[in-house]
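Have a look at the structure below before the remarks.
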Amino acid sequence: MIPLLLGLKESIATKKARQLLSDAGTRYKYEDILSIESSIGQMMVAITGSTVVPQLFVGGDSYVGEEQVRRYIRN
894 MIPLLLGLKE SIATKKARQL LSDAGTRYKY EDILSIESSI GQMMVAITGS
944 TVVPQLFVGG DSYVGEEQVR RYIRN
């Protein structure tokens, strides 16, 4: 399963997470949520209960924030 990264393209944390995944050679799909109020943004909040970006979804697991994305890569 290819991980899904949700974020805001102007977010520094999202840019860092994308770079981390790329540097690690991890294939992933990226979706810009446009805003927390968008349908994708609302879905993200409904799943994790958090408005923090980026959020990485892998199977049934979610990783909220740049630091958790970093932890995912290390595992």
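Just so we're aligned, residue 894 is where the sequence shown starts under this note's numbering, counting upward by one. Idealized CB from N, CA, C, for every residue including glycine.
(Q) Checking 9 Å against the spacing of the C-beta atoms, do residue 920 and residue 947 come in under that value? (A) Within the sequence shown, the letter at position 27 stands for residue 920. Within the sequence shown, the letter at position 54 stands for residue 947. Taking 9 Å as the Cβ cut-off, residue 920 and residue 947 do not qualify as a contacting pair.
Q: In the DSSP assignment, find the alpha helix (DSSP H) that holds residue 900 and state where it starts and stops.
A: Your numbering for residue 900 matches position 7 in the sequence shown. No alpha helix (DSSP H) holds residue 900; the beta strand (DSSP E) holding it covers 897-900.
Q: Pull up the CB-CB distance for residue 900 and residue 925, whole angstroms please, since I reckon it's below 8 Å.
A: Residue 900 sits at position 7 when you count from the first residue of the sequence shown. Residue 925 sits at position 32 when you count from the first residue of the sequence shown. Correct: roughly 7 Å between the Cβ atoms.
Q | According to DSSP, residues forming a beta bridge with residue 948 | A | One-based indexing of the sequence shown puts residue 948 at position 55. According to DSSP, residue 948 bridges with 899, 957.
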